[in-house]
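Shown next, in structure tokens, is the structure this report addresses.
2 protein chains.
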Amino acid sequence: MTIAQVCKRCNVTADTLRYYERVGLIPAVRRSPSGIRDYTEGDVNWVTFIRHMRAAGLQVSALARYVGLFRKGDASLAERKDILIRQRDLLAKRMEAQREVLARLDAKIANYEERCVAWERAHLRKP
Amino acid sequence: MTIAQVCKRCNVTADTLRYYERVGLIPAVRRSPSGIRDYTEGDVNWVTFIRHMRAAGLQVSALARYVGLFRKGDASLAERKDILIRQRDLLAKRMEAQREVLARLDAKIANYEERCVAWERAHLRKP
DNA sequence: GCTTGACCTGGAGCGTACGCAAGGTGGTAT
DNA sequence: ATACCACCTTGCGTACGCTCCAGGTCAAGC
């Protein structure tokens with residue numbers, strides 16, 4: 001599969017895919033004799049996985065460490081698990097802060113709703 | 001209140017507070033005749049509000065627009081409400097993506113848990 | 001044979017949100 | 001008086017995560 005096809009399927013730019021590979025966010029992709037990348041389904045799975053994780057705010061460095069550990073096989077299972085747990089906890093913490101802010105925003109919006117109505121009553125000519 | 005005191009109370013650096021003021025994330029702070037900032041409780045409220053919003057990932061530019069609208073008084077109520085609603089929706093969307101990722105991480109971790117146990121059974125000498 | 005277009009590499013550039021250091025001022029403690 | 005410390009401004013530096021560009025290569029169609 002060419003890089004362009006992966007771009008479409010995963011909704012990323014070619015630059016981003018090459019960047020991901022360069023920094024080890026996805027394992028090295030096989031190349032044709034002339035050096036052109038040839039993605040497998042497995043590669044695409046990595047890309048989509050990384051995209052999801054990135055969308056949730058997981059850091060590139062942590063994900064790269066995680067991906068890098070796969071080269072060491074099953075001996076790195078525990079280490080990989082630790083990374084996942086750490087990232088999971090960080091994510092849960094961020095979500096907690098966001099829940100509070102979301103509630104505050106909702107309260108604020110409700111308040112604005114009222115005040116907007118009041119302002120309109122005071123400033124719009126009566127029908 | 002001096003900038004140092006606000007730093008402690010809000011857990012920010014002085015640089016950040018000056019930056020916030022410069023880009024309009026908080027309204028202009030009163031100065032002493034010699035130019036030293038003198039924060040009011042109201043200022044501190046702004047700072048904590050902004051810190052919470054920033055912690056949840058709301059962008060500086062959006063918050064600056066929101067703060068800027070206060071100078072226009074009640075006539076800007078509707079516009080401010082729109083900003084809040086937009087930011088609230090963006091936040092809700094991010095949280096949704098994060099919820100999915102959190103679930104995936106939990107599943108992955110559970111799977112690792114099992115595989116780690118299996119690996120240990122295979123590699124540790126029997127007692 | 002030549003053009004076209006997709007791909008390659010290396011490296012520079014960019015937006016965001018600060019952080020830091022240099023050089024200067026002012027109030028106060030000794 | 002002078003030393004000191006907290007504060008000021010200006011402007012450059014940094015980390016992160018891409019993004020873009022120049023210059024080159026390769027395979028295919030005309």
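Those sequence lines, one after another, are chains Y and D. Residues 1 to 127 in our numbering are what the first sequence spells out, letter by letter. Residues 1 to 127 in our numbering are what the second sequence spells out, letter by letter. Backbone N, C-alpha and C fix where the C-beta goes; we use that ideal spot for every residue, glycine too. Note that the structure is predicted; figures quoted are calculated from it, not measured.
Worksheet item: In the region 100–114 of chain D, which residues sit with their C-beta less than 8 Å from some C-beta in chain Y, listed in chain order?
Response: Glu100, Val101, Leu102, Arg104, Leu105, Asp106, Lys108, Ile109, Tyr112, Glu113
Fill in: Residues of the region 71–82 of chain D with Cβ closer than 7 Å to any Cβ of chain Y, in chain order
Asp74, Leu77, Ala78, Arg80, Lys81
Item to complete: Could you tell me the boundaries of the alpha helix (DSSP H) in which Arg88 of chain D lies?
Response: 77–123
Worksheet entry | Strand pairing of Arg37 of chain Y, partner residues [DSSP] | Y:Arg31
Worksheet item: Shortest alpha-carbon distance to Tyr20 of chain Y belongs to which of Y:Arg88, Y:Pro33, Y:Arg65, Y:Ile85?
Response: Y:Arg65
Discussion item. Would Gln87 of chain D and Leu105 of chain Y be called neighbours here (beta carbons separated by less than 9 Å)?
Written reply: yes
Discussion item. Quick check on DSSP: helix, strand or coil for Asn11 of chain Y?
Written reply: coil
Discussion item. Alpha carbons only, please: which of Y:Ile83, Y:Gly57, Y:Ala107 is nearest the one belonging to Glu100 of chain D?
Written reply: Y:Gly57
Worksheet entry | Ile26 of chain Y classed as buried or exposed, judged by whether at least 16 other C-beta atoms fall within 10 angstroms | buried
Worksheet item: Within 9 Å (strictly less), CB to CB, does Trp46 of chain D reach chain Y?
Response: no
Practice prompt. Could you please give the first and the last residue of the uninterrupted alpha helix (DSSP H) stretch that includes Val23 of chain Y?
Written response: Unbroken run through Val23 of chain Y: none, as it is neither H nor E.
Discussion item. If I measure Cβ to Cβ from Gln5 of chain Y and keep anything under 8 Å in the same chain, skipping five residues before and after, which residues do I get?
Written reply: Tyr39
Worksheet item: Does Cys116 of chain Y come within less than 9 Å of chain D when only Cβ atoms are used?
Response: yes
Worksheet item: Would you say Phe70 of chain D and Arg80 of chain D are within 9 Å of each other, going by their C-beta atoms?
Response: yes
Worksheet entry | Of the listed residues Y:Asn111, Y:Asp82, Y:Leu77, nearest to Glu120 of chain D (C-alpha basis) | Y:Leu77
Discussion item. Rounded to the nearest angstrom, what separates Ala110 of chain Y and Val60 of chain D at their Cα positions?
Written reply: 23 Å
Worksheet item: Are Met95 of chain D and Leu102 of chain Y close, meaning C-beta to C-beta below 9 Å?
Response: yes
Worksheet item: Which of the three DSSP states, helix, strand or coil, is assigned to Met53 of chain Y?
Response: helix
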